[in-house]
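Below: the structure, in C-alpha cells.
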Amino acid sequence: MASRLAPLFFRSALRSTRAARPQIRALSVTAVRPSDTLQVHRDSPENNADVPFKFNKENEAIIAEILKRYPPQYKKAAVMPILDLGQRQHGFTSISVMNEVARMLEMPPQRVFEVASFYTMYNRTPVGKYFIQACTTTPCQLGGVGSDVIVKAIIDHLGIKQGETTKDGLFTLLEVECLGACVNAPMIQINDDYYEDLTPETTVQLLDALKATRLRRKGPQARPSQRPRHLREQQGSDELDR
Numbered sequence: 001m002a003s004r005l006a007p008l009f010f011r012s013a014l015r016s017t018r019a020a021r022p023q024i025r026a027l028s029v030t031a032v033r034p035s036d037t038l039q040v041h042r043d044s045p046e047n048n049a050d051v052p053f054k055f056n057k058e059n060e061a062i063i064a065e066i067l068k069r070y071p072p073q074y075k076k077a078a079v080m081p082i083l084d085l086g087q088r089q090h091g092f093t094s095i096s097v098m099n100e101v102a103r104m105l106e107m108p109p110q111r112v113f114e115v116a117s118f119y120t121m122y123n124r125t126p127v128g129k130y131f132i133q134a135c136t137t138t139p140c141q142l143g144g145v146g147s148d149v150i151v152k153a154i155i156d157h158l159g160i161k162q163g164e165t166t167k168d169g170l171f172t173l174l175e176v177e178c179l180g181a182c183v184n185a186p187m188i189q190i191n192d193d194y195y196e197d198l199t200p201e202t203t204v205q206l207l208d209a210l211k212a213t214r215l216r217r218k219g220p221q222a223r224p225s226q227r228p229r230h231l232r233e234q235q236g237s238d239e240l241d242r
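Following the UniProt record's numbering, the numbering of the sequence shown begins with 1 at its first residue and continues without gaps.
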C-alpha cells in the first residue's frame with residue numbers, strides 16, 4: 001500500500017514546489033523617447049492653437065485638386081496629403097496646421113491629431129531647413145564605412161547631437177529606421193532626397209554644399225568607371241546596342 005502511495009506523494013510535493021517558485025517576467029528595454037513627442041501635445045511658444053495658420057493661395061489650389069479625387073462624403077481621406085502640404089508650408093505639423101486641416105475636411109481635430117501623431121513623416125516639433133534622417137539599421141551599419149561613422153561625421157561637423165537643430169536653424173539630425181536603400185548603404189535622407197554610398201568626406205562635402213546652397217548629386221554616389229549600357233553587355237565592352 002505504501003509503495004502505491006509513494007508516487008502520489010512525490011507528485012504532490014513537486015506541484016507545491018512549482019507553485020512556490022517565483023515567476024520572473026521578461027523586460028524589453030527600448031530607447032527612451034519623451035511621451036510628448038509621441039502621443040501628447042504640449043503647448044509651446046511656437047506651437048499652440050493661438051499661432052495663426054492658413055494655407056496660401058498656391059496650396060489652396062493644390063488642395064482643391066486633391067479633393068476632386070474623393071467623393072464629398074469621403075473627403076476626410078485626403079487628410080494625409082493635406083497635412084503634408086501644411087508641413088511644407090509651415091515648416092512642421094503644428095497644432096494650428098492640424099486644426100486648419102480638420103476645419104477644411106470637417107473632421108474632429110482629435111482625428112487629425114491621431115494621424116499626425118501616428119506617422120513619423122509628420123514633424124510635430126520645429127526642424128531645420130535641412131532635415132537629416134540618418135539610417136542606422138543593420139545594412140547601413142555593415143555597408144561601406146558604416147552608419148555610425150557617418151553619424152559621427154555629421155555630429156562633429158555640425159556640433160549637434162541626435163534630435164538637435166543647429167543654432168542657425170539650417171540642420172536637424174535624427175537617427176531613423178530603414179529607409180529602403182540598403183544596396184547603397186550607408187545613406188541618409190535630407191528632406192525628400194536620398195544621398196547614398198557615403199563616406200565621412202563626402203558627407204561633410206554634402207553638408208557644406210547645402211549650407212552654401214550649392215546643388216549636389218542625389219541618389220547613389222558609386223558607379224562603375226565604365227557602365228554597361230544594357231544588362232547583356234559586359235562591363236567595359238564597346239559593343240553597340242542591338
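Cβ atoms here follow ideal geometry from the backbone N, Cα and C, with glycine treated the same way.
None of these values were measured; they are calculated from a predicted model.
By the neighbour-count criterion, in which 16 or more other beta carbons inside 10 Å mark a residue as buried, Gln133 falls on the buried side. About 6 Å separates the beta carbons of Leu173 and Ile154, which is inside the 8 Å limit, making them a contact pair.
Leaving aside the five residues that flank Ile82 on each side, the residues in its chain whose CB is nearer than 8 Å to its CB run, in chain order, Ile63, Ile66, Val101, Met104, Leu105. Distance between Asn99 and Val127, taken at the CA atoms: about 20 Å. By the 16-neighbour rule on beta-carbons within 10 angstroms, Phe118 is exposed.
Between the alpha carbons of Val79 and Met187 lies a distance of about 30 Å. In the DSSP assignment, Leu174 falls within the unbroken beta strand (DSSP E) covering 171-176. Rounded to the nearest angstrom, the gap between the Cα atoms of Ser147 and Cys135 is 7 Å. Less than 7 Å separates the beta-carbon of Asn184 from that of Asp197. Within 10 angstroms of the beta-carbon of Tyr195 lie 16 or more other beta-carbons, which makes it buried.
The beta carbons of Thr199 and Val145 sit closer together than 7 Å. In this structure, the beta-carbon distance from Ile190 to Tyr130 falls below 7 Å. In summary, Arg124 is buried, with 16 or more beta-carbon neighbours lying within 10 Å of its beta-carbon over all protein chains present.
Around Lys76, the same chain offers Leu105, Met107 as residues with beta carbons nearer than 6 Å, after the five sequence neighbours per side are excluded.
Bounds of the alpha helix (DSSP H) holding Phe118 are 109-118.
With fewer than 16 other beta carbons inside 10 angstroms of its own, Gly219 counts as exposed. Under DSSP, Asp193 shares a beta bridge with Ile190. Counting every other CB atom within 10 Å of its CB across the protein chains shown gives Gln87 a total of 16 or more, marking it as buried.
Nearest to Cys178 by C-alpha distance, out of Thr138, Asn48, Gln39, Arg69, is Thr138.
Residue pairing by DSSP puts Cys135 in a beta bridge opposite Val176. With a beta-carbon spacing of about 5 Å, Asn59 and Leu85 fall inside the 8 Å limit used to define contacts. Check the Cα spacing between Leu142 and each of Arg69, Phe53, Lys68, Cys182: the tightest is with Cys182. DSSP, read as helix, strand or coil, puts Asn47 in strand.
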